[in-house]
Each structure stands twice: as structure tokens, then as C-alpha cells.
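Single-structure report; data block below.
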Amino acid sequence: MMYIRIVVSISFFILGFSSSWASEKMPQYVVYQVIGKCSKVALKKVSLLKKGDFLNTPDVVNLAEGSTLILICANYKAFQLNVKGKYAVSTFKKYCAKSDGSFTANYFRFVWDELTHPHSSPEVEPEKYMKTAGAVTRGQEKYNLSIRTDTINMYDGDFGIRFTITKEPATVKFFASINPFKILVSQQSKDFISFLAFAKTQPQPGVYYWYINELPYKKSNLHVLNVLNEKQYKTTVAQILSKVIGNNDADRAFMGGFLLEQEHFLGEAQKYYKLGLSLNPESKINQRLSRIFSESGSVL
Numbered sequence: 023m024m025y026i027r028i029v030v031s032i033s034f035f036i037l038g039f040s041s042s043w044a045s046e047k048m049p050q051y052v053v054y055q056v057i058g059k060c061s062k063v064a065l066k067k068v069s070l071l072k073k074g075d076f077l078n079t080p081d082v083v084n085l086a087e088g089s090t091l092i093l094i095c096a097n098y099k100a101f102q103l104n105v106k107g108k109y110a111v112s113t114f115k116k117y118c119a120k121s122d123g124s125f126t127a128n129y130f131r132f133v134w135d136e137l138t139h140p141h142s143s144p145e146v147e148p149e150k151y152m153k154t155a156g157a158v159t160r161g162q163e164k165y166n167l168s169i170r171t172d173t174i175n176m177y178d179g180d181f182g183i184r185f186t187i188t189k190e191p192a193t194v195k196f197f198a199s200i201n202p203f204k205i206l207v208s209q210q211s212k213d214f215i216s217f218l219a220f221a222k223t224q225p226q227p228g229v230y231y232w233y234i235n236e237l238p239y240k241k242s243n244l245h246v247l248n249v250l251n252e253k254q255y256k257t258t259v260a261q262i263l264s265k266v267i268g269n270n271d272a273d274r275a276f277m278g279g280f281l282l283e284q285e286h287f288l289g290e291a292q293k294y295y296k297l298g299l300s301l302n303p304e305s306k307i308n309q310r311l312s313r314i315f316s317e318s319g320s321v322l
């Protein structure tokens, strides 16, 4: 009986320790942004909050006058506090009661993983966090394009991204339709492929297609170009950017680029990634994404 009691006691100790360890490793909330002076009280110790800090139920948060605190819930929903006062973290559940099903949840999942998994590298492959709704895939890709090009939204004019060719010469063909195939323009290049030739055809709003063809036989997937009129394009971009939150300009630029890329507005995403890098040159994710877009998505 003594043996059983000892085992049970040890088991409860291990379970309690594991629970405590899990709680520490997997917080209920993560600090996304701090404006002004915000602090937390944990185990009777007071510390100033900064991006990446964890919060759990026993903690208390203090906001000074004029401060704002933006938190991410464990279900990837973000909320903010901006009224001076003392807050029990245990009351924050109401802000996370319903998971955020909007496309911003993908961005905050990326941020959550980046902040809570310091030994992994979400920034190496942020694309896996982006939803693929509206994307089209046909066939097996023969090229390794460093940005997702299955679907691109643009309006009349070159959308500002070109693809650097690192191996053999390639041809890109643009089609007005695929049933039957109706070629608009075909161009061959040894250096890079741009969409300028397509833009010069002055395409009307509608759906177009393109693929890269490595002479003489290999073909890439058939990709989709959604050409919008300028008003529709700019209105949609503005709607996407209206979902960006926070007061940190570098974070806002990256979030804007992430959401725009996710929604297939690659030309606009490129602008925001470059802005994010100029505002925060030390950011690994800004370095990577700005490099990918500035190097124009190499055709490997």
C-alpha cells in the first residue's frame, strides 16, 4: 500500500509539473504590440510588457494612460485594450470566445507560431500559413517559383514582378482562353520573364492564363491571371488593408503584405514587403520576403 501511495504521489507530481511546463510553453495569450506603458503582475513580480511576452490566467495587466495593448489568443484571434486600468487576464476569455474565421486568422497564426516556437522557423515558409482559396492548380509544376503564382490579381498594366531565369532559356505564353487555346502573346527570354508584353495587349477585365515553357518540351502549370478594372482592384486592395491593425509601422507593412499576397495581389504585396524591410531592416521575415519579390521569384 505504501508503494502504491508513493507511486500515486509521484504521478500527481509529474502531472502537475507537466501541466505547469505545458502552461509555460503554451501560453493562453501572446503580446503582439505594446504602445505606451503596459505591465503585468505574475507571481507578485511586476514587469513591463513587450512583444512576444506570454500571459496566462493568474496574471494581471496594468495599462497606463494613453497606452494600447494588442494580444493574440491561442485560437489566433487578436484583440486590443486601450483604456487605462487594471485587468485580470482571467477575464480575457470573452474576447476569444469565438475563433476568428477571417483571413486575418492565418496571419495571427503565423505570428503566434513565430513567437511561441523560438526553435522553429515559421519565417522560412510563411506561405504555408496563407489560405489557398481562389487559387488554381493544373498539372504538375516543372518549375520552382519562389512565390505562389497559381492565381494573380492585377489590373491593366504591368503588375511589377518579373521572373529571373537561372538555368535554360524559357518562353512564357499568355492565353485569352484555353477552350480552345487562344494565344495572346508569346515571348522568349534568357534573362528574365515579365508581364509587360501581356500588358501591352491592353487586356480587358476578365480571366486569362499563362505558363512558362522551357524549350522544347517542358511546361509548367497553367496559371491564372484575373484582370480587374482599376476601380475594382483598388477598392479590393483597400478592403484588405483595412483589416491591418496596430500602430507599429513595420508590423503594419508586413501584415499588409501578408494579407495581400494571401489574396493573390502580388504586385501590391511586393510594395508592402519592401516598406516593411525599410522600416525594420533587422527582421528576418522582412528580409526574406523582400528578397524573394525583389529578385522576382526565380525560375529555377
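Take the position in the sequence shown, starting the count at 1, then add 22; the result is the number in this note's numbering.
Where is the CB? At the ideal position from N, CA and C, for every residue including glycine.
Under the three-state reduction of DSSP output, M48 falls in the coil class, being neither helix nor strand. Scanning its chain for C-beta atoms nearer than 6 Å, with the 5 sequence neighbours on each side dropped, one finds around D81 the residues K62, A64, V111, in chain order.
If you draw a 10 Å sphere on the C-beta of P49, you find 16 or more other C-beta atoms in it, and that means buried. Secondary-structure assignment with DSSP links M176 through a beta bridge to V249. Within its own chain, the residues whose Cβ lies closer than 8 Å to the Cβ of F130, once the five positions on either side in sequence are excluded, are Y54, I94, Y98, K99, A100, D122, listed in chain order. A distance below 7 Å between beta-carbons, with the five flanking residues on each side excluded, links L301 to the following residues of its chain, in chain order: D271, A272, A275. With a cutoff of 8 Å on beta-carbon distance, Y230 and F197 are scored as near each other. If you draw a 10 Å sphere on the C-beta of I205, you find fewer than 16 other C-beta atoms in it, and that means exposed. Straight through space, the alpha carbons of K265 and T126 are spaced by roughly 7 Å. In the structure shown, the three-state DSSP call for K256 is helix. In the three-state DSSP reduction, I314 falls in the helix class (H, G or I). With respect to the 8 Å criterion, I174 and I314 are not classified as neighbours on the basis of their beta carbons. For L218, the closest of K256, P227, Y177 by C-alpha to C-alpha distance is Y177.
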